[in-house]
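Q: One structure, as structure tokens, below. Some questions next.
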Amino acid sequence: MAMANKLLLLVSLVAISSCTCTAEVIHALRPQLGSDGQLMQRAGIPCDSWRLAVEAYNKRDWKTVPAECESYVGHYMLGEQYRRDSRVVVDEAIAYAESLKLAGGKGKEAWVFDIDETSLSNLPYYATHGFGSRPFNATSFNDYVLKGTAPALPETLRLYKRLVSLGIRPVFLTGRTEDQRNVTVKNLYYQGYSGWEKLLLKPLGVKVAAIAYKSGVRQKLNDAGYVIVGNIGDQWSDILGAPEGARTFKLPDPMYYIG
Ligand SMILES: [Mg+2]
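The opening position of the sequence shown corresponds to residue 1003 in my numbering, with each subsequent residue numbered one higher.
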């Protein structure tokens, strides 16, 4: 290779290696690395296996990401793997929805969407709060929510729009509380969500575990004549508890657990 070409290649490699790309938007200090086994070895504990156990619901009732896995989870969330994993889920969900015999908007076929880490991403918050490795701080998190600046998860928005075009009615069902309705509506609109059938927030003062609360609301939807053809969330508590919906989809979330 000619010296000039070698020099050009070297300059290109330096430019690539110093690129913070999408991470810059959320957390400029995080290098974009993969989430392969090397990170596991560096962490000293099997963070890959820990994440798989979390996603498969083998690990439950955990409070925080293990301190040794903060960096691993950060790399996963800000790298390409999180997006790729979400894309597979949504590809499956769209293929499923397109296979249904639908009433084309004349019926009451509904699809339940969770909001946090499903429709809207709180990654800008978690990127500056240890990616779930620190105890949850309701005050600072609510301050973040009230800004109404959470970005859409692009894959979920793609699913949402496809479902609307198929005549399936989106229903948001969230653990966010009624006092956060206005900011949540604005946030959803700004991020491209529109035309939803219902936005169901938790009444203030309700102290029920997430599975019981959400399954109870889904039962009310059934009782009102809705046919829940699909249900998507980032927590198992979004998709467990009858009536779950005809099919459920679990998005990745290694940052926190809601039981
Ligand atoms: Mg959620």
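For every residue, glycine included, the Cβ atom is placed at its ideal position computed from N, Cα and C.
For Phe1251, which residues does DSSP report across the bridge?
A: Position 249 of the sequence shown, counted from the first residue, corresponds to residue 1251. Ile1234.
Q: So, helix, strand or coil for Trp1064, using DSSP?
A: Along the sequence shown, read from residue 1 onward, the residue named residue 1064 stands at position 62. In the structure shown, Trp1064 sits in coil (DSSP, three-state: anything other than H, G, I, E or B).
Q: Output needed for Ala1244: all residues of its chain with C-beta closer than 7 Å, excluding positions within five of it in sequence on either side, in chain order.
A: Indexing the sequence shown from 1 puts residue 1244 at position 242. Excluding sequence neighbours, Ala1244 sits near Ser1217.
Q: To the nearest angstrom, how far is the alpha carbon of Ile1170 from that of Tyr1258?
A: Along the sequence shown, one-based indexing puts residue 1170 at 168. Along the sequence shown, one-based indexing puts residue 1258 at 256. Using only the alpha carbons, I get a separation of about 30 Å.
Q: Assuming Trp1113 is part of the alpha helix (DSSP H), what are its boundary residues?
A: Numbered from its first residue, the sequence shown carries residue 1113 at position 111. Where Trp1113 is concerned, there is no enclosing alpha helix (DSSP H), although the beta strand (DSSP E) it sits in stretches over 1111-1115.
Q: Any heavy atom of ligand 1 closer than 6 Å to the Cβ of Thr1186?
A: Looking up residue 1186 in the sequence shown gives position 184. Every heavy atom of ligand 1 is 6 Å or more from the Cβ of Thr1186, so no.
Q: What is the rounded straight-line gap between the Cα of Asp1093 and the Cα of Tyr1146?
A: For the purposes of this step, residue 1093 is taken as the residue at position 91 of the sequence shown. For the purposes of this step, residue 1146 is taken as the residue at position 144 of the sequence shown. When rounded, the distance between both Cα atoms is 30 Å.
Q: Return helix, strand or coil for Ala1154, following the three-state DSSP convention.
A: In the sequence shown, counting from the first residue as 1, residue 1154 sits at position 152. Of the three classes helix, strand and coil, the one that applies to Ala1154 here is strand, per DSSP.
Q: Sorted by chain position, which residues of the same chain lie with C-beta nearer than 6 Å to Lys1200's C-beta, five sequence neighbours on each side aside?
A: What you label residue 1200 is simply residue 198 of the sequence shown in a count that begins at 1. So the qualifying residues of the chain are Val1173.
Q: Near Met1005, what residues of its chain come up, given a Cβ to Cβ distance below 8 Å and the 5 sequence neighbours on each side ignored?
A: Translated into positions along the sequence shown, residue 1005 becomes position 3. Confidence at Met1005 is low in this model, with a pLDDT of 45, below 50, so the placement of that residue should be treated as unreliable; the coordinate-derived value is given next. Once the five neighbours on either side are set aside, Met1005 has no close Cβ partner at all.
Q: Does any heavy atom of ligand 2 sit closer than 6 Å to the C-beta of Glu1157?
A: Here the bound small molecules are ligand 1; ligand 2 is not part of this structure.
Q: Tell me, please, whether the region 1128-1143 touches the region 1152-1170 by the rule of three or more beta-carbon pairs shorter than 8 Å.
A: Counting Cβ pairs under 8 Å, fewer than three are found: no touch.
Q: Pairs of beta-carbons, one from the region 1232-1242 and one from the region 1106-1121, closer than 8 Å: are there three or more?
A: yes
Q: Check whether the region 1117-1135 touches the region 1073-1086, counting contact only when three or more Cβ pairs, one atom from each stretch, lie closer than 8 Å.
A: At 8 Å Cβ cutoff, the stretches touch.
Q: Is Lys1188 buried or exposed, if buried means 16 or more other CB atoms sit within 10 Å of its CB?
A: Against the sequence shown, residue 1188 aligns to sequence position 186. Exposed.
Q: Taking all protein chains shown into account, do 16 or more other C-beta atoms lie within 10 angstroms of the C-beta of Thr1130, making it buried, or fewer, making it exposed?
A: As a first step, residue 1130 must be located in the sequence shown, where it is residue number 128. Result: exposed.
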